[in-house]
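Some notes on the structure that comes next.
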Amino acid sequence: MPVFQYEAMDSTGLEVKDTIEAPSEGEAQTMIREKGFYVTKIREKERKKKAKAAAAKGKNAKAKTFTMGGVKAKVLCTFTRQLSTLQDAGLPLLRSLRILEGQCKPGALKNSLMDVIEDVESGNTLSEAMGKQPKCFDNLYVNMVRAGEAGGALEVILQRLAEFKERAQSLKRKITGAMIYPAAVITVAVGIVSFIMMFIIPKFKKIFSDFDTDLPAMTEMLIGFSDWMLKYWYMLFIGPIAFYLFIKIVKKNHTGAFVVDWLSLRIPLIGKILHLGIIARITRTLGTLIASGVPILEALLISRDTAGNHVFVRAFDNIYTAIREGETIAVPLREARIVDDMVVNMVDVGEETGALDDMLYKVADVYDEEVEVKVESLISLLEPIMVVVLGLIVGFIVIALFLPLIKLLNDLS
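Here the numbering used here is used: the first residue of the sequence shown is 1199, the next is one more, and so on.
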């Protein structure tokens, strides 16, 4: 039955505001008058809400733009920090969301914010509205917002979430920046070697064929590789793409994904960095969720999903099962053998003292610093390795080209 919201005056002239259920507006007015009130304003509450939602939906449909993919981490990080600031300043949630939606550039985040505003206006909580936008707000984000709403400290949770994302973004930026120089050098080196193989070596091949002499094994090998590149040059582009697609297909299978991730953790130097980075990410996520009031079992599942590695996913599944059966985190964590004893002992102490979130933060800080040190060491080691490898390649090419010339000179003399 429709609900009508009305304003009226009683026999003494005092204003009355209330709601009433009635089949129609006329019957609602009759029922109000029977109470001895004089109706000054009446409207159907549910109809108004639906009309507002429909109007907002129509407005959003016009303003939305076509987008592909999700939201960049940097953009979401900025949005979270700004929303935290506005909530800390005491602004109403809807007004804060409208302010941020208005200053957003057209894209996935703006489109999602339009839908979030519409859902919040319709009576949904912020976490429920964000949960409907998985391209922008992942499980970690939604659950932390839900915990903030339940505890009445949304601005504190948003601030904590913003700090979490800023740290993750900062570490990612440092690693990406450190890898730019080696990637650029390797790309240029591959380009130069490819040019020599496809344009220089064929000219020497023609010269050698004119002299009709037996060529050394090194020269035959070099010319054979040059012929292969001239014939299958497209493999330089198709090869990496095919390898990437092969890995993606293998990882569709649970066992294949576990094997690929297990092997990736055992790549010299790089595997150690991946391992440390995953531990830092998981412990910081788990610490943030526990500090925000998310239940431990739910926090474990969310942290597991942030690992991005099936070795850790399987280990966290075992930890989850053990905790459901009454164990502490430290015991199954030690049995999983995915972290060293220092982490296990710190988690054990954190559980005993009730400061598990602080201990997990400390573990994450230590491993973040270690990842930065390992990346810097890797870059320092890559530079001499690249120089040596490029020297060997150039030396091989020069020797392979000059050996036939020296033999020809000897034959002529």
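Beta carbons are placed, not taken as given, at the ideal position from N, Cα and C, and that holds for glycine.
Worksheet item: Would you call the CB atoms of Ala-1271 and Lys-1363 closer than 8 Å?
Response: yes
Item to complete: Sort out for me which residues DSSP pairs Tyr-1204 with in a bridge.
Response: Asp-1216 and Ile-1240
Worksheet item: Anyone know if the C-beta pair for Met-1377 and Ser-1424 falls short of 8 Å?
Response: no
Item to complete: Ignore the nearest five residues each way along the sequence and tell me which others in Val-1269's own chain have a CB closer than 6 Å to its CB.
Response: Same-chain partners within the cutoff: Ala-1306, Leu-1307 and Cys-1334.
Practice prompt. Check Ala-1287 in the structure and name its three-state DSSP category.
Written response: coil
Practice prompt. Could you have a look at Gln-1331 and say whether DSSP puts it in helix, strand or coil?
Written response: Assignment of Gln-1331 by DSSP, reduced to helix, strand and coil, places it in the coil class.
Discussion item. Can you tell me whether Ile-1597 is helix, strand or coil according to DSSP?
Written reply: Correct three-state label for Ile-1597: helix.
Item to complete: Tell me whether Met-1342 is buried or exposed, calling it buried when 16 or more other Cβ atoms sit within 10 Å of its Cβ.
Response: Met-1342 is buried by the Cβ-count criterion.
Worksheet item: From what residue to what residue does the alpha helix (DSSP H) around Asn-1309 run?
Response: Per DSSP, Asn-1309 is one residue of the alpha helix (DSSP H) stretching across 1306 to 1319.
Discussion item. Taking the straight line between their C-alpha atoms, what separation do you get for Val-1457 and Glu-1567?
Written reply: 28 Å
Worksheet item: Met-1419: buried (16+ other C-beta within 10 angstroms of its C-beta) or exposed?
Response: Exposed, since its Cβ has fewer than 16 Cβ neighbours within 10 Å.
Worksheet item: How would you write the range of the alpha helix (DSSP H) that Ser-1392 sits in, first residue to last?
Response: Per DSSP, Ser-1392 belongs to the alpha helix (DSSP H) from 1352 to 1393.
Discussion item. Quick check: Glu-1326 and Ile-1315, are their CB atoms within less than 8 Å of each other?
Written reply: Their beta carbons are not under 8 Å apart, which means Glu-1326 does not touch Ile-1315 by this criterion.
Fill in: Sufficient close CB pairs (3 or more, under 8 Å) joining the region 1279 to 1296 to the region 1452 to 1468
By the C-beta criterion, the region 1279 to 1296 is judged not to be in contact with the region 1452 to 1468, since fewer than 3 inter-stretch pairs fall below 8 Å.
Worksheet item: Which residues in the same chain as Asp-1317 place their Cβ atom closer than 8 Å to its Cβ, once the five residues preceding and following it in sequence are excluded?
Response: Glu-1326, Ala-1327 and Lys-1330
Practice prompt. Since I believe Ala-1562 is in contact with Glu-1549 (beta carbons under 8 Å), could you give me their beta-carbon distance rounded to a whole number of angstroms?
Written response: Their Cβ separation, rounded to whole angstroms, is 17 Å, which puts Glu-1549 and Ala-1562 out of contact at 8 Å.
Fill in: Cβ pair Leu-1531, Leu-1484 closer than 8 Å
no
Discussion item. Suppose contacts are defined by Cβ-Cβ distances below 8 Å. Is Glu-1347 in contact with Thr-1323 by that definition?
Written reply: Yes, they are a contact pair.
Worksheet entry | Ala-1553 (DSSP reduced to helix, strand or coil) | coil
Worksheet item: Since Leu-1356 contacts Gln-1285 with CB under 8 Å, what's their CB separation in whole angstroms?
Response: 6 Å
Worksheet item: Going straight from the alpha carbon of Glu-1223 to that of Glu-1213, what length do you get?
Response: 20 Å
Item to complete: Could you check if Asn-1608 is buried or exposed, using at least 16 other CB atoms within 10 Å of its CB as the buried criterion?
Response: exposed
Fill in: alpha helix (DSSP H) segment containing Phe-1444, residue limits
1433 to 1448
Worksheet item: Shortest alpha-carbon distance to Ile-1614 belongs to which of Leu-1413, Tyr-1430 and Tyr-1204?
Response: No statement about residue 1614 is possible, as the shown extent of the chain runs from 1199 to 1611 and does not include it.
Worksheet item: For Val-1154, does the count of other Cβ atoms within 10 angstroms reach 16, so buried, or fall short, so exposed?
Response: No answer is possible for residue 1154: it lies beyond the span of the chain, which begins at 1199 and ends at 1611.
Worksheet item: Can you give the Cα-Cα distance for Ser-1282 and Ala-1360, rounded to whole angstroms?
Response: 8 Å
Discussion item. Can you tell me whether Pro-1602 is buried or exposed? The criterion is at least 16 other CB atoms within 10 Å of its CB, across all chains shown.
Written reply: buried
Discussion item. Does Ser-1392 pass the burial test, meaning 16 or more other C-beta atoms within 10 Å, or should it be called exposed?
Written reply: Residue environment analysis places Ser-1392 among the exposed positions, since fewer than 16 neighbouring C-beta atoms fall within 10 angstroms of its C-beta.
Worksheet item: How many Å lie between Val-1383 and Glu-1353 at the Cα?
Response: 46 Å
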